[in-house]
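Reading through the structure tokens given below for one structure.
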Amino acid sequence: MTLVKEAPVRPAGKRPAAPPAGRRGRRRENLAGYLFMSPWIAGFLLLTAGPMIASLYYAFTSYNLFTPPQWVGLDNFTTMFQDPRWQKSVEVTLEYVVVATPLKLLLALGVALLLAQKRRGQGLYRAAFYMPSLIGASVSVGFVWRALFSDDAVVDRTQKIFGLDVGGWIGNPDYVLYSLVALSIWQFGAPMVIFLAGLKQVPQELYEAAEVDGAGPLRRFWNITLPMISPVLFFNVLLESIHAFQVFGSAYVVSDTRCGPADATLVYTCYLYQKGFKEAQMGFASAMAWTLVIAVALVTAVLFWSQKKWVHYEEAAK
Amino acid sequence: MQQGGTVERRTILKAAGASLAVAGLGATATACGGGSGSGDGTVTIRYAWWGGEPRTIAIKKTIALFEKKFPKIKVKPEFTDYEAFWEKFQTQASGGNPPDVFQNAVGFLRKYDKRGVLLDLKTQADAGNLSLDNFPNGVLANGQVDGKQIAVPVGANTMALVIDLKAFQKAGVEAKFGWTWDEYFDALQTIQDKLKIAGDTGYFSIMYLYDLYLRQNGKAFFTDTDLGFTEDDLTQWWEDGYKRVRSGLVADPKKVEQVKPKSALSAGLAASEFTWDNFSIRYEGEGESDYGLAPIPTTDGEATGQYLGSLMLSAFSGTEHPEEVAQFIDFMVHDPEVGAIMGYDRGILATTEQYEAFKPTDANNKGVAAYEEQVAEAGVLGKITPHPSGADVVEAAFLRIGGEVAQGKTKPADAAEALFSEAKAAFAG
């Protein structure tokens, strides 16, 4: 199969709304465009690009916010790689990403498959399943989660029915991370909506042809649905893993701001926060931030490289 | 069409320019708003503190009182909980915009003195804007660093053992002055045997208790610049602690974690907890039993290692109104009416004027007063342990790493090593 990554084919001949004649006119138009963009550009430069460049510099300094930053070369990075709490935070984050992302996507795809079929009240179902994605990141849900997974609360009692008496998860370093995983999975609505859009795009003829050839539902899923929605799947995997690497709010709230107990929910960003804003080691925190950026970029690169093997783009012609 | 388009664009350009200009003006206006002087000589000072709702209600009353007596000074309150307070303060202070007056604690003095944030109030006292008289028991020294008065105490507190009175009574054990650690742990054992609850909520993660234990043994948690004990000392302390978690003498840390922000004592998980005596008011509100203050166990049957700590008021070195700020602090620490409103929320009132103005009527405040009197009479109070810059970070690390030990996730020896390494970084910061 030949791959055409992007084909923005514009109908030849007609160009949309001819720009005003002459160089001056065009320049004026450009100026107007930039002016309209200026709030965004100013915001980008002052609030995103500027701080990012500054933090890149701080990553190579010792900086406690009060005395001017002092250049220390790679010290922050060497300290960081030897720091047991940093190692722990990497461990916790990787476990979270590797467990939560696939489970969330599986559930999203499963429910999307069910909801793709026409049935009564499907709008209602879609809205209901999407809802947690809207509220899941809020602080109040974090509190609810804390309550749900405590001793003698819903989860604990339900487990006991099945003879699994492990007590509440919140206070147990071996389980508490899984309450965060559950919170992430619960917000499967956003990728589900994207899957739904992907499923709608699969040409119905393919299924009809397959049916005529005697393919069962499993086979149709494996040989038609999955390849056809693989670009959407790729997109979701990418988005959700990047998202998972940056988890902060849920860990912070569910653990009562300490990312514990015993550092069991010390996700990367939480350690970064503690180092930067509690201990005022801004140089170290900046080094952590840039290490995360590079790590996420690497993961993204690997995913992009791997898509050759499993993502099928439909040919441009339709 | 072409023509019209140009005109429209021009209008839009103008509009855009105008709105940018307005935004610019707005920024200037806000910048001006930051200044706190005004035409009629009224000045505004910002006052920030941490604490629960009762404290906030009381402090707001005292502010109203102050504004009535000093109509030319307006006070803008800012308040939050302890952890958020110091995060916010650090950011504000580094940006040169901390509150003019704020609540402070011993562990933060050297850190912010080193960073040049704290005003030396001695100069204001010399100028007659603030009185440093009538602080009994030497608590004024709690706010002194290298000969400077960078904070003024509002209260004096000391560590105590808060006990569940009903549980102690039911188990038939009694907390006596001068009791030893062995006697204390025997009492917990009796409680565990008879009542099937733990005796303590996790004593070995509390830095200020370990400090007392070290002081009983001729050491202290801090020296002027470093930790005042060895890794072996701490390993032993945490090994004993973990042993008591496993035997159930100390409450299960998993359960303690889950009842947060409630205390494990008021949640009924254990019968006693070490904390500062002025915090004891929280237990009555949170729990269903009756709570009282009991003496700190000793090593030799006499010395508890205790000293008077303080919550204090400090001022920003860069404040535009040092004189008014000094007057404000003076009022807050000396005015009898303020003392009557605040009570013992931040410890026994630090000045004699305020101490005499407040006569406790409820059991809790009476208990705090009786406890501090008892401690003072016993003659066990010593000089406060020094707090080097970074003491606050070490305290947080001690609590966290102690928690890891309790959970069985870190071996005591490794935990002690981790604390020493984090402390080193904190002192250097």
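In order, the protein sequence lines correspond to chains A and B.
Numbered by our numbering, the letters in the first sequence go through residues 1 to 318 in order.
Numbered by our numbering, the letters in the second sequence go through residues 1001 to 1429 in order.
Ideal Cβ placement from N, Cα and C applies to all residues, glycine included.
(request) Tell me whether the beta-carbon of Gly1096 (chain B) lies closer than 7 Å to the beta-carbon of Lys1072 (chain B). (result) no
(message) Please state the DSSP three-state secondary structure of Arg28 (chain A).
(response) helix
(request) Indicate the three-state DSSP secondary structure (helix, strand or coil) for Ser1314 (chain B) in the structure shown. (result) Strand, per DSSP.
(message) Closer than 8 Å is the cut-off here; do at least three beta carbon pairs connect the segment 1278 to 1297 of chain B with the segment 1253 to 1264 of chain B?
(response) yes
(request) Could you confirm whether any beta carbon from chain A is found closer than 7 Å to the beta carbon of Lys1260 (chain B)? (result) At a cut-off of 7 Å between C-beta atoms, Lys1260 (chain B) counts as an interface residue with respect to chain A.
(message) Using a Cβ-Cβ cutoff of 7 Å, what residues of the segment 1092 to 1123 of chain B are near chain A? List them in chain order.
(response) Ser1094, Arg1115
(request) Please list the partners that Pro1295 (chain B) has in chain A, where partner means a Cβ-to-Cβ separation under 9 Å. (result) Per Cβ cutoff of 9 Å: no residues; Pro1295 (chain B) is ~31 Å from chain A at best.
(request) Would you identify the three-state DSSP class for Glu1183 (chain B), choosing helix, strand or coil? (result) For Glu1183 (chain B), the secondary structure class from DSSP, reduced to helix, strand or coil, is helix.
(message) Using only CA atoms, which one of B:Val1380, B:Tyr1213, B:Val1256 lies nearest to Gly1202 (chain B)?
(response) B:Val1256
(request) Rounded to whole angstroms, what's the CA-CA distance from Ala1141 (chain B) to Ile135 (chain A)? Just pull it up for me. (result) 51 Å
(message) Going by DSSP, what residue range makes up the alpha helix (DSSP H) through Ala262 (chain A)?
(response) Here Ala262 (chain A) belongs to no alpha helix (DSSP H), and DSSP marks it neither H nor E.
(request) Identify the contact partners of Leu65 (chain A) in chain B, using a Cβ-Cβ distance below 7 Å as the criterion. (result) Gln1090, Ser1094
(message) Let me make sure I understand the geometry here. Which of B:Arg1110, B:Gly1292, B:Glu1067 has the alpha-carbon closest to that of Ile1163 (chain B)?
(response) The candidate whose alpha carbon is nearest that of Ile1163 (chain B) is B:Gly1292.
(message) On the DSSP bridge list, what partners appear for Gln1103 (chain B)?
(response) B:Leu1313
(request) Spell out the partners DSSP gives Gly1292 (chain B) in its beta bridges. (result) B:Ile1163
(message) Please report the distance separating the alpha-carbon of Gly123 (chain A) from that of Gly1052 (chain B).
(response) Distance between Gly123 (chain A) and Gly1052 (chain B), taken at the CA atoms: about 46 Å.
(request) Compare the C-beta of Pro173 (chain A) with all C-beta atoms of chain B and state if any pair is closer than 7 Å. (result) yes
(message) Taking contact to mean 3 or more Cβ pairs, one atom from each stretch, closer than 8 Å, check whether the segment 1339 to 1350 of chain B and the segment 1146 to 1166 of chain B are in contact.
(response) yes
(message) I need the DSSP call for Trp169 (chain A), collapsed to helix, strand or coil.
(response) coil
(message) Residues of the segment 272 to 303 of chain A in Cβ contact with chain B at a cutoff of 8 Å, in chain order, please.
(response) Phe277, Lys278, Glu279, Ala280, Gln281
(request) Identify which residue in A:Arg219, A:Phe245, A:Trp222 has its Cα closest to the Cα of Val92 (chain A). (result) A:Phe245
(request) Ignore the nearest five residues each way along the sequence and tell me which others in Ala1326 (chain B)'s own chain have a CB closer than 8 Å to its CB. (result) Leu1121, Gln1124, Ala1125, Ala1127, Asn1129, Leu1130, Ala1315
(message) Any contact between the segment 1390 to 1398 of chain B and the segment 1200 to 1219 of chain B? By contact I mean 3 or more CB pairs, one from each, below 8 Å.
(response) yes
(message) Between which residues of its own chain and Leu103 (chain A) is the CB-CB distance below 6 Å, once the five residues before and five after are set aside?
(response) Ile185
(message) Please list, in chain order, the chain B residues whose beta carbon lies closer than 7 Å to that of Ser150 (chain A).
(response) Within chain B, the residues near Ser150 (chain A) are Gln1258.
(message) Quick check on the DSSP output: the beta strand (DSSP E) that includes Gly1441 (chain B) runs from which residue to which?
(response) The displayed coordinates of chain B run from 1001 to 1429. Any statement about residue 1441 (chain B) would go beyond what the structure contains.
(request) Determine the burial state of Asn76 (chain A): buried for a count of at least 16 other Cβ atoms within 10 Å of its Cβ, exposed for fewer. (result) buried
(request) Using only alpha-carbon positions, find the residue among B:Pro1336, B:Gly1287, B:Lys1196, B:Leu1381 that is nearest to Tyr1307 (chain B). (result) B:Leu1381
(message) Tell me the residue span of the beta strand (DSSP E) that contains Val1043 (chain B).
(response) 1043 to 1050
(request) Output yes if chain A places a C-beta closer than 7 Å to the C-beta of Glu1404 (chain B); else output no. (result) Yes, its Cβ sits closer than 7 Å to a Cβ of chain A.
(request) Kindly confirm or deny that the segment 1234 to 1251 of chain B and the segment 1327 to 1340 of chain B touch, where touching means at least three C-beta pairs closer than 8 Å. (result) Too few Cβ pairs lie closer than 8 Å, so no.
(message) On a Cα-Cα basis, can you pick out the residue from A:Arg28, A:Pro132, A:Thr79 that is closest to Glu1422 (chain B)?
(response) A:Thr79
(request) Starting from the N-terminal side, write out each stretch of the beta strand (DSSP E) that is 3 residues or longer and does not extend beyond the segment 1232 to 1282 of chain B. (result) List check, beta strand (DSSP E) in window: 1270 to 1276.
(message) I believe Cys270 (chain A) touches Phe235 (chain A) by the beta-carbon criterion, under 8 Å. Please report the beta-carbon distance rounded to the nearest angstrom.
(response) Actually they are not in contact, since the Cβ atoms of Cys270 (chain A) and Phe235 (chain A) sit about 27 Å apart, beyond 8 Å.
(request) Report the neighbours of Asp75 (chain A) on chain B: residues whose CB is nearer than 7 Å to its CB, in chain order. (result) The premise fails here: Asp75 (chain A) is roughly 12 Å from chain B at the closest Cβ pair, so nothing lies under 7 Å.
(message) Tell me which residue opens and which closes the beta strand (DSSP E) that Pro1077 (chain B) is part of.
(response) 1073 to 1080
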